[in-house]
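Since the structure comes first, as structure tokens, the remarks are kept for the end.
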Amino acid sequence: MNLRSFFLFFILILSVYQDFPLVNVFGEIARSPIVFLTPLLLLYLLKNSKIQISVYTKYLIFYILYLIIITIIYLLWIFITKQQLFFLGENIVTKSMKMAVYPLTILIYYQFIYTFLNKDTTRFETLFKSMLALEIFLIIYLVFETYYSKTLEIFMPYLHSNEDKYWRIRLLSLEESWVGSIITIVTFTTIYLSIYLNKHNKTKLFVLSLSIFFILYYTIRSESKGYMLIFLLSTLPLVIKYFYNNKKIRKFLFLGTTVLVIFGFYVFSILYDTILSQLYYSITFGTRFSSYLACLNNFVYNPFGVGWGPYLNYYLESLTSVVESSTMSSFELREVKGYLTTTKNLSSKTYFFDNLVFGGIFFLLFFYLFFLKRYFIFSKIKSSSLAFIRIPLLYIILSSIVYVTFAIKYEIWFFLAFIDVLGAKLKSEKK
1 MNLRSFFLFF
11 ILILSVYQDF
21 PLVNVFGEIA
31 RSPIVFLTPL
41 LLLYLLKNSK
51 IQISVYTKYL
61 IFYILYLIII
71 TIIYLLWIFI
81 TKQQLFFLGE
91 NIVTKSMKMA
101 VYPLTILIYY
111 QFIYTFLNKD
121 TTRFETLFKS
131 MLALEIFLII
141 YLVFETYYSK
151 TLEIFMPYLH
161 SNEDKYWRIR
171 LLSLEESWVG
181 SIITIVTFTT
191 IYLSIYLNKH
201 NKTKLFVLSL
211 SIFFILYYTI
221 RSESKGYMLI
231 FLLSTLPLVI
241 KYFYNNKKIR
251 KFLFLGTTVL
261 VIFGFYVFSI
271 LYDTILSQLY
281 YSITFGTRFS
291 SYLACLNNFV
301 YNPFGVGWGP
311 YLNYYLESLT
321 SVVESSTMSS
331 FELREVKGYL
341 TTTKNLSSKT
351 YFFDNLVFGG
361 IFFLLFFYLF
371 FLKRYFIFSK
381 IKSSSLAFIR
391 IPLLYIILSS
401 IVYVTFAIKY
411 EIWFFLAFID
421 VLGAKLKSEK
431 K
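In the working numbering, the protein residues as written are 1 to 431.
Here you go:
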């Protein structure tokens, strides 16, 4: 591994490190060390005589500018109508400035990855070496963490913000639900690069075997239902498409689908009471469901969004209204009711629904242009190897709606910057 590969490997390690102990000193933004690296990344960009900005970077810039504008408008409106800027003991002007750091850091990070990979034709080779090294490192870490997770000992507690025993698999992140995107992106990107760069068959076989082991080992040990559901949904369309395109198997596809549907209804009928009880007595479901409803309620009354800081007022009002409604009385709401008295954890915990409150209709436009449109573009390209790009991309889209926020999930922004460069390369190669 040369110096350039090691440098990128270092950046990627920091990108998947999402439980940095300095969060206890500087707050949530410091849960990832990337924020401390941002000045150096910005310096790298400024040293380049010509900064190339892709159309996706422009989408990100325009969306951030819109959030700044809508935040200022709602700050003024709240001050005029309510004559106060404090909610739950927090100044919403200060809150707005703090929250602005997240997308600005993401923008700098995204542009750095894009610029670095777009520098010359050898950068994908550099990326492949760095990704392979990252995958090997994470597998070794996973094996050790799995071993210690079944004992009373704590594996490398000083790497995390809280040194208490954690009984599940989380790698270098805060909790297990954050791991799925890391593993999906690392494994599938490495496999794709080995194919795109036309590596020797032995290298391709090694990468494929390593990645399959990584996914299967984690999946067997994982207790994250969200990861399993999203991973299944991400791979299912491509599996169905493969069976459909294979003439020998196609004739069995309809029969197999019919049997699967019938079996699914049978299992559902057996587990109906169990599922229903879980919905009504699960603290997690009650919290999630009420949060989603609060975001949708806020969107109906504020379709253009309310910005960063002002969301404390508007989201709190919506959540209170949802929790106190008679339709929610059957659900377990103890946890979410605790959120009504503090700004801590006061969000839907998902990228999509949080930004639906922040940006409203303009976020929906941004979400289509920045996320969904890419999936459609890569789906139209006739290349079987691009399945290894579409799977993590669909995983990102679905997880953003269901259970993950992207504020410090820099592996996601890395992947989006990478396929930004890749899309341009594929387009030029086609010409």
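Idealized CB from N, CA, C, for every residue including glycine.
Just the Cα atoms here: how many angstroms apart are residue i and residue j?
| i | j | result |
| --- | --- | --- |
| residue 36 | residue 75 | 29 Å |
| residue 393 | residue 83 | 44 Å |
| residue 228 | residue 47 | 43 Å |
| residue 99 | residue 410 | 16 Å |
| residue 344 | residue 69 | 25 Å |
| residue 407 | residue 80 | 30 Å |
| residue 363 | residue 293 | 17 Å |
| residue 6 | residue 211 | 21 Å |
| residue 126 | residue 4 | 7 Å |
| residue 317 | residue 382 | 49 Å |
| residue 214 | residue 395 | 17 Å |
| residue 176 | residue 14 | 18 Å |
| residue 226 | residue 389 | 20 Å |
| residue 148 | residue 334 | 32 Å |
| residue 185 | residue 53 | 23 Å |
| residue 146 | residue 169 | 7 Å |
| residue 39 | residue 55 | 24 Å |
| residue 338 | residue 189 | 40 Å |
| residue 208 | residue 32 | 29 Å |
| residue 28 | residue 202 | 43 Å |
| residue 311 | residue 178 | 24 Å |
| residue 205 | residue 10 | 25 Å |
| residue 71 | residue 96 | 7 Å |
| residue 87 | residue 118 | 45 Å |
So what's residue i in DSSP terms, helix, strand or just coil?
| i | result |
| --- | --- |
| residue 87 | strand |
| residue 18 | strand |
| residue 11 | helix |
| residue 52 | coil |
| residue 360 | helix |
| residue 314 | helix |
| residue 435 | Here the chain comprises residues numbered 1 to 431, so residue 435 is not present and cannot be evaluated. |
| residue 375 | helix |
| residue 199 | coil |
| residue 404 | coil |
| residue 168 | coil |
| residue 322 | helix |
| residue 228 | helix |
| residue 380 | helix |
| residue 33 | coil |
| residue 303 | coil |
| residue 427 | helix |
| residue 107 | helix |
| residue 409 | coil |
| residue 1 | coil |
| residue 151 | coil |
| residue 420 | helix |
| residue 333 | coil |
| residue 432 | Absent from the structure is residue 432, since the part of the chain shown begins at 1 and ends at 431. |
| residue 27 | coil |
| residue 222 | coil |
| residue 96 | helix |
| residue 340 | helix |
| residue 271 | Annotation note: pLDDT 48 at residue 271 (below 50); position unreliable, no value reported. |
| residue 118 | coil |
Spatial neighbours of residue i within its chain, please: C-beta separation below 6 Å, excluding the five flanking residues on both sides.
| i | result |
| --- | --- |
| residue 1 | 129 |
| residue 271 | Reliability fails at residue 271, whose pLDDT of 48 lies under 50, so the model's placement of it is uncertain and the value that follows must be treated cautiously. Here the set comprises nothing. |
| residue 371 | 397 |
| residue 414 | 15 and 113 |
Who does residue i pair with in a DSSP beta bridge?
| i | result |
| --- | --- |
| residue 173 | 18 |
CB of residue i to nearest heavy atom of the ligand ATP: below 7 Å?
| i | result |
| --- | --- |
| residue 293 | Absent from the structure shown: the ligand ATP. Ligands present: none. |
Short of 8 Å in beta carbon distance, which residues of its chain neighbour residue i, apart from the five on each side in sequence? Order them along the chain.
| i | result |
| --- | --- |
| residue 57 | 107, 110, 111, 114 and 420 |
| residue 45 | 51, 108, 111, 112 and 115 |
| residue 321 | 294 and 297 |
| residue 385 | 192, 195 and 196 |
| residue 423 | 374, 377 and 378 |
| residue 182 | 16, 138, 171, 173 and 411 |
For residue i, I'd like the list of residues in its chain whose CB is within less than 7 Å of its CB, leaving aside the five on either flank, ordered along the chain.
| i | result |
| --- | --- |
| residue 348 | 291, 292, 295 and 354 |
| residue 350 | 400, 401, 402, 403, 404 and 405 |
| residue 187 | 135, 211, 214 and 215 |
| residue 230 | 180, 395, 398, 399 and 402 |
| residue 102 | 29 and 407 |
- Inspect the CB distances between the segment 122-137 and the segment 190-201 and report whether three or more fall short of 8 Å. yes
- How do the segment 394-404 and the segment 364-376 stand: do at least 3 beta-carbon pairs fall below 8 Å, yes or no? yes
- Message: So, does the segment 9-28 touch the segment 155-169, judging by three or more C-beta pairs under 8 Å?
- Response: yes
- Query: Pairing CB atoms from the segment 300-317 with CB atoms from the segment 345-360, are three or more of them under 8 Å?
  - Reply: yes
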